[in-house]
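Residue numbers (the numbering used here): 7 to 236.
The beta carbon of each residue, even a glycine, is placed where N, CA and C say it ideally should be.
Predicted model, so just to flag it, every value in this text is computed and none were measured.
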Ligand code: NAP
């Protein structure tokens, strides 16, 4: 029963994140549209009618996980967290010359932000014996496809895949399912105009994972609703 459930989507103001918000709202969830710019959060949430709840959240701000916990406490529950906010800051650098500031900034958003927010919502999920955490990763983070180029982005997604396995294992038996997914190459500001996939397709697997039935998979890596190699 999706009705009444509350989902939080980071980077929910545009791109794949906004489409995830839209699809979750269409399935009857109330969606906390989290965005680092308050106006953008409000504008995006307004497009979901009464199902959208705007919330200002910068995943790199150390204050924001506890602000989110307090906000969700007031709403009464937290059922779904989609760690979607992400940056792609690599240029033509390789692992040998990428500026370490770029690596740090990428890890702050793509890994540590998602990690801290997962810590912030799990206690509320435990309270109701239900939770779905979906980490938006990338095939570029798959160990089986690891190669040169885009080093900070690749490492950040490899790391979020590892975090997925750790949390899923620690939460086994709690009905809190933690999975990671690759949306494919999607037409967004990050993916660019030449990407073959529309956002609807890019968001589909995340929404499926966010609404998995009890007893569904946990600690796995998906694309197009199918498990893919790490
Ligand atoms: P996008 O269009 O560039 O959107 C990125 C979103 O992340 C924006 O809402 C942005 O907010 C938000 N964001 C960035 N830094 C943030 C921060 N510090 N705090 C909160 N929000 C922050 O990217 P996208 O293509 O939709 O990507 C969404 C996810 O899919 C990312 O994790 C990305 O790595 C992954 N992915 C994308 C593709 C692709 O082909 N597009 C492929 C594989 C994986 P602002 O609007 O404020 O900047």
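> According to DSSP, what are the bridge partners of residue 61?
Replying inline: Taking the first residue of the chain shown as position 1, residue 61 is located at position 55. Residue 61 pairs with 40.
> Can residue 93 be considered in contact with the ligand NAP, in the sense that its beta carbon sits closer than 7 Å to one or more heavy atoms?
Replying inline: In the chain shown, residue 93 corresponds to position 87, counting from 1. Flag set: Cβ of residue 93 near the ligand NAP.
> Straight-line CA distance for residue 42 to residue 93?
Replying inline: The residue you call residue 42 lines up with position 36 of the chain shown. The residue you call residue 93 lines up with position 87 of the chain shown. About 13 Å.
>> Which same chain residues end up closer than 6 Å to residue 162 when comparing Cβ atoms and leaving out the 5 residues on each side of it in sequence?
In response: As a position in the chain shown, residue 162 is number 156, starting the count at 1. Once the five neighbours on either side are set aside, the close Cβ partners of residue 162 are 112, 113, 116 and 117.
> Are there three or more Cβ pairs, one per stretch, closer than 8 Å when the stretch 124-137 is compared with the stretch 146-163?
Replying inline: no
> Residues bridged to residue 228 by DSSP?
Replying inline: As a first step, residue 228 must be located in the chain shown, where it is residue number 222. DSSP lists 187 and 233 as partners of residue 228.
> For residue 102, is the classification buried or exposed, using 16 other Cβ atoms within 10 angstroms of its Cβ as the cut-off for buried?
Replying inline: Here the question's residue 102 lines up with position 96 in the chain shown. Exposed, since its Cβ has fewer than 16 Cβ neighbours within 10 Å.
>> Nearer than 7 Å: is that true of the beta carbon of residue 188 relative to any heavy atom of the ligand NAP?
In response: For this step, residue 188 is matched to residue 182 along the chain shown. Checking every heavy atom of the ligand NAP against the Cβ of residue 188, one is found closer than 7 Å.
>> Let's see if you can read the secondary structure: which residues bound the alpha helix (DSSP H) around residue 205?
In response: Translated into the one-based positions of the chain shown, residue 205 becomes position 199. Counting along the chain, the alpha helix (DSSP H) containing residue 205 begins and ends at 205-216.
>> Counting C-beta neighbours from all protein chains within 10 Å, is the total for residue 199 16 or more, i.e. buried, or is it exposed?
In response: Reading the chain shown from its first residue, position 193 is the one you call residue 199. With fewer than 16 other beta carbons inside 10 angstroms of its own, residue 199 counts as exposed.
> For the candidate residues 15, 21 and 12, whose alpha-carbon lies nearest to that of residue 204?
Replying inline: Working through the chain shown from its first residue, we reach residue 204 at position 198. Ranking 15, 21 and 12 by Cα distance to residue 204 puts 21 first.
>> With distance defined between alpha-carbon atoms, name the residue in 174, 26 and 142 nearest to residue 160.
In response: To locate residue 160, count along the chain shown from 1; it is residue 154. Ranking 174, 26 and 142 by Cα distance to residue 160 puts 142 first.
> Would a C-beta distance cut-off of 8 Å place residue 71 and residue 13 closer than the cut-off?
Replying inline: As a first step, residue 71 is located in the chain shown; it is residue number 65 there, counting from the start. As a first step, residue 13 is located in the chain shown; it is residue number 7 there, counting from the start. Not closer than 8 Å, so no.
> If residue 224 sits next to residue 184, beta carbons under 8 Å apart, how far is it from one beta carbon to the other, in whole angstroms?
Replying inline: In the chain shown, residue 224 corresponds to position 218, counting from 1. In the chain shown, residue 184 corresponds to position 178, counting from 1. With a Cβ gap of about 6 Å, residue 224 and residue 184 count as contacting.
> Just to check, is the beta-carbon of residue 192 closer than 7 Å to a non-hydrogen atom of the ligand NAP?
Replying inline: If you number the chain shown from 1, residue 192 lands on position 186. Yes; taking the cut-off as 7 Å, the Cβ of residue 192 has a heavy atom of the ligand NAP nearer than that.
> Using DSSP with H/G/I as helix, E/B as strand and the rest coil, what is residue 137?
Replying inline: Locating residue 137 in the chain shown gives position 131, counting from the first residue. DSSP places residue 137 in strand when its eight states are reduced to three.
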